[in-house]
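Trainee:
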Amino acid sequence: MEVIITRDYNEMSLKAAAIIAEQIKKKPDTVLGLATGSTPIGTYKELIRLHKEEGLDFSKVTTFNLDEYLGLSSLHKESYNYFMWKNLFKHININHENVYIPKGDVQDAEDFCHWYEEKIKEFGGIDLQLLGIGSDGHIAFNEPGSSLMSRTRVKTLDEQTIRDNSRFFRKEEEEVPRFAITMGVGTILEAKKILLIANGVNKADACAKFIEGPVTSQITASALQLHQHVTVVLDEEAASKLKRIGYYNWVRDNKHLVQKYLGR
Ligand code: F6R
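Add 35 to the 1-based position in the sequence shown for our numbering, that's all there is to it.
Here it is, written out as structure tokens:
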């Protein structure tokens, strides 16, 4: 796991967008896994800028989103479908047919989850998965206690997540859906590369636990320790409870020293 500590939210967003842009340039038909929430908004803004000002081309890119609230149609202003179009897709040249987001208003959610998993396989799997992290250590909506082998399914949201996300809903906690469709931890771990971003002091505990603590279903992000290609980009606040900050910063600043041994 590579841990990159950045000064602030802006630097975190620029770094994350640069990693995604590099992936798209290397493989124009990249399959991206995408997240919603407040963390990736700056990353998406920078990707939009790279598209508009530097010609970053999304025309062959396919995307799969992590999750969606169950019971919300894609027209609902707090749905993750709505979020993705507003904050990214309508500003870039992505082919609309290549956008996959779980549907919150499906008749048969189980059937849909199975279809979603198959669709990801059909595209050869996810090349680069972008993740945020919940203050309870969740990735996607894999709340504490989720199986680390779980697949796309319906999940009941934790009280903490409902409290955290109530800020987006007009009538506060009453209106936050209790259920979501989410990719499982097992689904996420099958992505070829993973990029997790986190900012702010309210993520510091979760980050310390998932990066330096034991692998446990109580902090589902800790399962990323089992993956071979994970990059974590944090701001200083989110990194503030890590014990090995000196090591991570040394590695970040001295990458050039090892290059000559790697044959790349
Ligand atoms: C959203 C998602 C969630 C969020 C997490 C952090 O698609 O999968 O796991 O990444 O809840 O949310 P924010 O960024 O709003 O703090």
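Even glycine gets a Cβ: it sits at the ideal position worked out from N, Cα and C.
Could you round the C-beta distance between residue 152 and residue 222 to whole angstroms and report it? I think they count as a contact, below 8 Å.
Mentor: Confirmed, about 7 Å.
Trainee: Using three-state DSSP, classify residue 202 as helix, strand or coil.
Mentor: Residue 202: helix per DSSP, three-state reduction.
Trainee: Skipping 5 residues on each side, what residues in its chain have a beta carbon closer than 7 Å to that of residue 193?
Mentor: The residues are 171, 178, 179.
Trainee: With a CB to CB cut of under 6 Å and the five nearest residues on each side skipped, what residues in its chain are close to residue 195?
Mentor: Same-chain partners within the cutoff: 171.
Trainee: Could you give the uninterrupted runs of the beta strand (DSSP E) lying entirely in the region 236 to 275, keeping only those of 3 residues or more?
Mentor: List check, beta strand (DSSP E) in window: 265 to 270.
Trainee: What do you get for residue 234, buried or exposed, if any count of 16 or more other CB atoms within 10 angstroms of its CB means buried?
Mentor: Burial call: buried.
Trainee: Between residue 155 and the ligand F6R, is there a pair consisting of the residue's CB and a ligand heavy atom that are separated by less than 8 Å?
Mentor: No; taking the cut-off as 8 Å, the Cβ of residue 155 has no heavy atom of the ligand F6R nearer than that.
Trainee: Confirm the yes/no value for this check: CB of residue 63, any heavy atom of the ligand F6R, distance under 8 Å.
Mentor: Not so, every heavy atom of the ligand F6R lies at least 8 Å from the Cβ.
Trainee: Work out the CA separation of residue 161 and residue 224 for me, nearest whole Å.
Mentor: Cα to Cα, the separation comes out at about 10 Å.
Trainee: Evaluate the contact criterion for the region 125 to 143 versus the region 97 to 110: three or more CB pairs, one atom per stretch, below 8 Å.
Mentor: Output reads yes: the region 97 to 110 touches the region 125 to 143.
Trainee: Going by beta-carbon coordinates alone, are residue 91 and residue 51 separated by less than 9 Å?
Mentor: No, Cβ-Cβ distance for residue 91 and residue 51 is not below 9 Å.
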